[in-house]
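Number of protein chains: 2
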Amino acid sequence: MAADSYHQTSKIQIAVDCIIFGFDGAALKVLLIKRGFEPEFGKWSLMGGFLMKNETAEDAANRVLHFLTGLKDVYMEQLHTFSALNRDCAARVISIAYFALIDINEYSEQMQRDHEAKWFPIDDVPGLIFDHNLMIAKARDLLRMKVASHPLGFELLPEKFTIPQLRILYESIYATTLDKRNFQKKILSLGILHRLDEKEKESSKKGAFLYVFDHVKYNRLQSGELKFI
Amino acid sequence: MAADSYHQTSKIQIAVDCIIFGFDGAALKVLLIKRGFEPEFGKWSLMGGFLMKNETAEDAANRVLHFLTGLKDVYMEQLHTFSALNRDCAARVISIAYFALIDINEYSEQMQRDHEAKWFPIDDVPGLIFDHNLMIAKARDLLRMKVASHPLGFELLPEKFTIPQLRILYESIYATTLDKRNFQKKILSLGILHRLDEKEKESSKKGAFLYVFDHVKYNRLQSGELKFI
DNA sequence: TCAAAAGTGTTTGATCTACACCCATGC
DNA sequence: GCATGGGTGTAGATCAAACACTTTTGA
């Protein structure tokens, strides 16, 4: 840092934007809102907000996420900081983008109405304001990279889930199909799932066993890196 | 974003910091400077600077890097944005950190003296100002992740390099040892190196063949992801 | 002639892929 | 009793890991 610039005010504003992913059992989705103020009133947008003087960017992202979803303690990770000169047409604003993974079932209809929010399939996102489409593309890439080796997929599912649900989630994230025998074998061989004595019977007559992610076993591994796919 | 805050001035300053990696043939190193102004005068630090109104963060990072090293067109990538409330003891400053890979031979002695800069082995970095040690740790993790599947290692070597040099580089980055037969087999099987009819004879009597990275062949692969290690 | 680093192949075990049938149940 | 999705095993191919000797040449 050059000493002479230390006390200058940058006059550049700082925002955070949240890419919120959810999974409805069939497709990976992102939560978007219809923007309620100028500029770009009425257009679809990511949820965001300005960084306040007394909060970190993580705090701000959590504040925004909580405001939109009512949820706390959500899995969230910094994605990238976007600083193109004209990315926001109204002012010079840089945006620190975060991506979050939530269980779509915990996001209420009420919240959806309150904020004019809507879930869009990741492959069918409309044209968004500013560089928000770019943010989503980047978030999807990072999500793909992370779920291949970290236990994040579970964040998008209910606490109890079935192996077929998990497989369809991975298929949605990677836009591919996976062999169900090989998938089940590999996932179970990681030794981080615990099978319950309950079955989920919504999607089939036979019913599929429910599993929970076993944090204790996962932490014992301490390699941090696994191969989910 | 909340409409009412759109026109407020954040009064938070924005800086960039550069984690500059180099490789001297034996160890992975980072370039640090002795800070020439308050606060924290005389302490070791990463090179940084404030973001100017009319430049992107990438521009600023390149400006800082060019100022310190005289180099342009350097491999550089955004690492993370650090926004802890008291990370800079003098003011509220958030820092967008970048990591850069340079060929250590292109960094002149003269530049080193001009800026009171010094290369430190990655495992022997002194206590730095603010959160700069954290930045370096995070940069090393990202470097490890990236070089496993992307052709970045070459950025740290001269244009012409030998396979043993490349292997020692990977050994330094991962703090491990690699079997030279397996390494050579794997690297050459990627099909992205071109062997020259020259040998490098500094480090052995027999001499080792020089190779260059073949961008054309690499781009033809278009998978983007390889397995270097 | 010897010291120092370069170069090279094979065997073994592990992992990945492809693939098809029976099971349990609600209708 | 039949349609629907759940659950399971094996064989072949590919990939990763371990491992030791010969070559070159400057000193």
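Residue numbers (numbering that gives the first Met the number 0), protein chains in the order written: chain A, 0 to 228; chain B, 0 to 228. All C-beta atoms in this analysis are idealised placements derived from N, C-alpha and C, irrespective of residue type, glycine included.
Counting pairs of Cβ atoms below 8 Å between the stretch 43 to 51 of chain B and the stretch 179 to 188 of chain B, do you hit three or more?
-> As far as the Cβ criterion goes, the stretch 43 to 51 of chain B does not touch the stretch 179 to 188 of chain B, which means the pair count is below three.
With burial defined as no fewer than 16 other Cβ atoms inside 10 Å of the residue's Cβ, what is the status of G152 (chain A): buried or exposed?
-> Working through the first sequence from its first residue, we reach residue 152 (chain A) at position 153. Around the beta carbon of G152 (chain A), a 10 Å sphere encloses 16 or more other beta carbons of the protein chains shown; the residue is thus reported as buried.
Confirm, please, whether the CB-CB distance from A174 (chain A) to I228 (chain A) is below 7 Å.
-> Start at 1 with the first residue of the first sequence, and residue 228 (chain A) comes out as number 229. Start at 1 with the first residue of the first sequence, and residue 174 (chain A) comes out as number 175. Judged by beta-carbon spacing, A174 (chain A) lies beyond the 7 Å limit of I228 (chain A), meaning their Cβ atoms are not closer than that value.
Residues near I172 (chain A) by beta carbon distance below 7 Å, same chain, minus five either side = Taking the first sequence and counting its residues from 1, one reaches residue 172 (chain A) at position 173. If we look at I172 (chain A) and ignore the five residues flanking it on each side, its Cβ neighbours are L27, L142, R143 and V146.
A2 (chain A) CB to nearest chain B CB: under 7 Å?
-> By one-based count along the first sequence, residue 2 (chain A) stands at place 3. Residue confidence for A2 (chain A) is low, a pLDDT of 45 falling below 50, so the modelled location carries little weight; the figure read from the coordinates is stated next. Interface residue, yes.
Using a Cβ cut-off of 7 Å, which residues of the stretch 66 to 85 of chain B contact any Cβ in chain A, in chain order?
-> Within the stretch 66 to 85 of chain B, the residues whose Cβ lies closer than 7 Å to some Cβ of chain A are Q77, H79, T80, S82, A83 and L84, listed in chain order.
Find the nearest neighbour of H193 (chain A) within the set A:E224, A:T161 and A:S222, judged by alpha-carbon distance.
-> As a position in the first sequence, residue 193 (chain A) is number 194, starting the count at 1. When only C-alpha atoms are compared, the closest one is A:T161.
Buried or exposed: where does Q7 (chain B) fall if 16 or more other Cβ atoms within 10 Å of its Cβ makes it buried?
-> Taking the second sequence and counting its residues from 1, one reaches residue 7 (chain B) at position 8. With a pLDDT of 47 at Q7 (chain B), under the threshold of 50, the modelled position of that residue is not reliable, and no figure is offered here.
Do you know offhand how far L209 (chain B)'s Cα is from I18 (chain B)'s?
-> In the second sequence, the residue the question calls residue 209 (chain B) occupies position 210. In the second sequence, the residue the question calls residue 18 (chain B) occupies position 19. The straight-line gap from Cα to Cα measures roughly 29 Å.
Whose Cβ in chain A lies nearer than 8 Å to the Cβ of T55 (chain B)?
-> Stepping through the second sequence from its first residue, residue 55 (chain B) is reached at position 56. Within 8 Å Cβ-Cβ: S82, A83 and L84.
Local conformation of Y74 (chain B) per DSSP, three classes = Against the second sequence, residue 74 (chain B) aligns to sequence position 75. Residue state, collapsed to three classes: strand.
Closer than 9 Å by beta-carbon distance: list the chain B residues that pair up with R91 (chain A), in chain order.
-> Within the first sequence, numbered from 1, the residue matching residue 91 (chain A) stands at position 92. Within chain B, the residues near R91 (chain A) are K52 and N53.
Whole runs of the beta strand (DSSP E) within the stretch 98 to 173 of chain A, excluding any shorter than 3 residues = Taking only runs of at least 3 residues, the beta strand (DSSP E) segments lying wholly in the stretch 98 to 173 of chain A are 116 to 120.
Use the C-beta contact count for G21 (chain B): other C-beta atoms within 10 angstroms, 16 or more gives buried, fewer gives exposed.
-> Within the second sequence, the letter at position 22 stands for residue 21 (chain B). By the neighbour-count rule (16 or more Cβ atoms within 10 Å), G21 (chain B) is buried.
Can we say the stretch 74 to 86 of chain A touches the stretch 73 to 83 of chain B, given the rule of at least three CB pairs closer than 8 Å?
-> Contact between the stretch 74 to 86 of chain A and the stretch 73 to 83 of chain B is present, because at least three Cβ pairs lie under 8 Å.
By a C-beta neighbour count over all protein chains shown, 10 Å radius and 16 as the cutoff for buried, is N61 (chain B) buried or exposed?
-> In the second sequence, the residue the question calls residue 61 (chain B) occupies position 62. The residue in question, N61 (chain B), is buried, as its Cβ has 16 or more Cβ neighbours within 10 Å.
Return the chain-ordered ranges of every beta strand (DSSP E) run that is complete within the stretch 9 to 94 of chain A and spans a minimum of 3 residues.
-> Qualifying beta strand (DSSP E) stretches, in chain order: 12 to 22, 27 to 33, 46 to 49 and 74 to 81.
On the three-state DSSP scale, how would you describe F227 (chain B)?
-> As a working note, residue 227 (chain B) is residue 228 in the second sequence. Look at F227 (chain B) here: in three-state DSSP terms it is coil, with no helix or strand label.
Quick one: residues in its chain with C-beta nearer than 7 Å to the C-beta of F40 (chain A), no 5 flanking neighbours on either side, listed in chain order?
-> Position 41 of the first sequence, counting from 1, holds the residue named residue 40 (chain A). Beyond the five residues adjoining it in sequence on each side, F40 (chain A) comes within less than 7 Å, by CB distance, of R34 in the same chain, given in chain order.
Relative to chain A, which residues along the stretch 133 to 150 of chain B have a C-beta separation below 7 Å, given in chain order?
-> Taking 7 Å as the Cβ-Cβ cut-off against chain A, none of the residues of the stretch 133 to 150 of chain B qualify.
Beta bridge counterpart(s) of R194 (chain A) as assigned by DSSP = Position 195 of the first sequence, counted from the first residue, corresponds to residue 194 (chain A). Answer is A:Y210, bridged to R194 (chain A).
Are the C-beta atoms of I246 (chain A) and some chain B residue less than 7 Å apart?
-> Not covered by the structure: residue 246 (chain A). The range shown for chain A is 0 to 228.
One or two residues paired with E199 (chain B) in a DSSP bridge = Counted from its first residue, the second sequence places residue 199 (chain B) at position 200. In the DSSP assignment, E199 (chain B) is bridged to B:A207.
For I135 (chain A) versus V29 (chain A), is the C-beta spacing smaller than 7 Å?
-> The sequence position of residue 135 (chain A) within the first sequence is 136, counting from 1. The sequence position of residue 29 (chain A) within the first sequence is 30, counting from 1. Yes. Within cutoff.
Measuring alpha carbon to alpha carbon, tell me which of B:Y169, B:E108 and B:R86 ends up nearest A25 (chain B).
-> The residue given as residue 25 (chain B) occupies position 26 in the second sequence. The shortest Cα separation from A25 (chain B) among B:Y169, B:E108 and B:R86 belongs to B:Y169.
Burial state of F36 (chain B) (16 or more Cβ within 10 Å) = Sequence index remark: in the second sequence, residue 36 (chain B) carries index 37 (1-based). Looking at its Cβ environment, which holds fewer than 16 other Cβ atoms inside 10 Å, F36 (chain B) is exposed.
So, are the CB atoms of L106 (chain A) and T55 (chain A) less than 7 Å apart?
-> For the purposes of this step, residue 106 (chain A) is taken as residue 107 along the first sequence, with counting starting at 1. For the purposes of this step, residue 55 (chain A) is taken as residue 56 along the first sequence, with counting starting at 1. Sequence check: residue 106 (chain A) is Tyr here, not Leu. Not closer than 7 Å, so no.
Inspect the beta-carbon positions of I93 (chain B) and L50 (chain B) and report whether they are closer than 7 Å.
-> In the second sequence, counting from the first residue as 1, residue 93 (chain B) sits at position 94. In the second sequence, counting from the first residue as 1, residue 50 (chain B) sits at position 51. Result no, Cβ atoms of I93 (chain B) and L50 (chain B) do not sit closer than 7 Å.
Please work out which residues of its chain come closer than 6 Å, Cβ to Cβ, to I95 (chain A), disregarding the five sequence neighbours upstream and downstream, and give them in chain order.
-> In the first sequence, the residue the question calls residue 95 (chain A) occupies position 96. Here I95 (chain A) has V15, A56 and T80 as same chain residues with Cβ atoms under 6 Å from its own Cβ, once five neighbours each way along the sequence are excluded.
S188 (chain A) lies in the alpha helix (DSSP H); which residues open and close that run?
-> The residue labelled residue 188 (chain A) in the question sits at position 189 within the first sequence. DSSP places S188 (chain A) inside the alpha helix (DSSP H), whose first and last residues are K179 to S188.
Cβ-based burial, G48 (chain B) [other Cβ within 10 Å; buried from 16] = Looking up residue 48 (chain B) in the second sequence gives position 49. Counting other Cβ atoms within 10 Å of its Cβ, G48 (chain B) reaches 16 or more and is therefore classed as buried.
Determine the contact status of F98 (chain B) and A138 (chain B), defining contact as a CB-CB distance below 7 Å.
-> Counted from its first residue, the second sequence places residue 98 (chain B) at position 99. Counted from its first residue, the second sequence places residue 138 (chain B) at position 139. The Cβ atoms of F98 (chain B) and A138 (chain B) lie closer than 7 Å to each other.
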